Structure formats: C-alpha cells, structure tokens
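Participant:
Numbering (this note's numbering), first residue to last: 44 to 260.
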C-alpha cells in the first residue's frame, strides 16, 4: 500500500516548525500506520550537511543558482533515503517544507525563475508531489517580527537576513501556488493563535487520512 505524503509550507515566522511538532504528536495517536516526521533542507545525514552550507550566514557570496542546486541536491538525497522508502512501506510522511519552498524562495525570491526551479526539482525528486500541503499564510513582516521576538538568542540564517522585498516575493509566490493547486494546497491563516492553527490543520489532515483509510476507528 502506498503511503500518504503531507507537507507544511509557509514564509519565515509562519509557525511551520511548531505546527509540525504538535501535528506529529497528535497524529501518532490516531494513525493506523507508522509516521515519519522530517524536514527540509535536511532530513538525512548528507542532506543535513548540505543544509549547514546553505543557511550559514557567513556564506553571503553564494550564487543564487548554486543555492537552488544545493537545495535540489539535498532534496534528492532526502527523497531517496527517507521519504520514498517510507511511502513505499505504506507510512505517512509529514515534512516541514518541500519543493514549494524552492519555487517560492529561489524561483521567486531570488528571481531565477519559477519554471526553472520547478524543473530541477522535478528531476531531483522524480516528480514526487505531496498528496496534501498545508500552507501557513502570514504577512512577511509579521513573520520576520516573530522570529526577532521569539528567537532573539538565535542567529538568523542566511535567508532570514534578506530584505523585506525578498520575503514579500516569497509570500506572493506561495499565494500563486495556492491558486494553481487548489486541491493539493490548503490555506491556513497563520495570524491566528497556534491553538487555532493546529485545530484548522488537524481538521484538514484528518479528512485526508479518512479518505485514505489511515485513521483509527
């Protein structure tokens, strides 16, 4: 039985990582199959090494296309090592970011082309597409303000340091993806409390799992 692939997307500061953590905890209690919770960039040993190179704030000289290719390379390793084997084993995979992030951040944010970035990622993933994507939408400046207030003791990564114009392009690209993929991508208002975001997300995810017969009776 083929598994179910769920991704969570959103601009920086949208609360993705917190949502994935809580979703994972709750899904573990209701699923009839194992759950793999993972993230990008990263998710496997090699991909995590690539992540370190990409987000290092000291790597300001990195070329935009190099960045896009590194994301695709890390994603390829992640898919090969972790995601595809889990799906082939009939598991549910919950992933913090996937191809949509590259389209938004590198394709639109870096202005190197949405179609071009989509193409290299189709090659990297062998056309793997999530069954469901939760898109956490929040104003770009609000998201960045959250990062500054919540994690002031953490050094911002290389992408978080970009100008607000970059982050506005990222959000606009996500909203375009939402319009183009209405059946796969579901909008969650991330300006709500985390409790409300979790409730909305669980409703959508449980409906999808029910369709696939993956929930406890």
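Every residue, glycine too, gets a C-beta built ideally from N, C-alpha and C.
Every value quoted in this text rests on a predicted model; they were computed, and no experiment measured them.
Would residue 119 and residue 167 qualify as a contact pair, given that the criterion is a beta-carbon distance under 7 Å?
Facilitator: As a working note, residue 119 is residue 76 in the chain shown. As a working note, residue 167 is residue 124 in the chain shown. Taking 7 Å as the Cβ cut-off, residue 119 and residue 167 qualify as a contacting pair.
Participant: Could you give the DSSP three-state label for residue 231: helix, strand or coil?
Facilitator: As a position in the chain shown, residue 231 is number 188, starting the count at 1. Residue 231 falls in the strand class under three-state DSSP.
Participant: Given residue 152, which residues of its chain have a CB within under 6 Å of its CB, disregarding the five upstream and five downstream residues?
Facilitator: Numbered from its first residue, the chain shown carries residue 152 at position 109. The residues are 209, 212, 213.
Participant: Given residue 110, which residues of its chain have a CB within under 8 Å of its CB, disregarding the five upstream and five downstream residues?
Facilitator: The residue you call residue 110 lines up with position 67 of the chain shown. Cβ neighbours of residue 110 beyond the five flanking positions: 97, 149, 153.
Participant: So, at 7 Å on beta carbons, what are the nonlocal neighbours of residue 259 in its own chain, with the 5 sequence-adjacent residues on each side left out?
Facilitator: To locate residue 259, count along the chain shown from 1; it is residue 216. Answer for residue 259: 73, 75, listed in chain order.
Participant: Given a threshold of 16 other Cβ atoms within 10 Å of its Cβ, counted over all protein chains shown, does residue 135 qualify as buried or as exposed?
Facilitator: By 1-based counting over the chain shown, the position of residue 135 is 92. So residue 135 counts as buried.
Participant: Which first and last residues belong to the alpha helix (DSSP H) in which residue 108 is found?
Facilitator: The residue you call residue 108 lines up with position 65 of the chain shown. Here the alpha helix (DSSP H) through residue 108 covers 107-121.
Participant: The alpha helix (DSSP H) that contains residue 139, what's its start and end?
Facilitator: Within the chain shown, the letter at position 96 stands for residue 139. Here residue 139 belongs to no alpha helix (DSSP H); instead the beta strand (DSSP E) covers 135-139.
Participant: With 16 as the cutoff for other CB atoms within 10 Å, does residue 68 come out buried or exposed?
Facilitator: Against the chain shown, residue 68 aligns to sequence position 25. By the neighbour-count rule (16 or more Cβ atoms within 10 Å), residue 68 is not buried but exposed.
Participant: For residue 256, count neighbouring Cβ atoms within 10 angstroms of its own Cβ and tell me buried if that reaches 16, exposed if not.
Facilitator: Residue mapping note: residue 256 aligns to position 213 of the chain shown, counting from 1. Result: exposed.
Participant: Take the Cβ of residue 204 as the centre, count every other Cβ of all protein chains shown within 10 Å, and call the residue buried at 16 or more, exposed below.
Facilitator: For the purposes of this step, residue 204 is taken as residue 161 along the chain shown, with counting starting at 1. When all chains shown are included, residue 204 counts as exposed.
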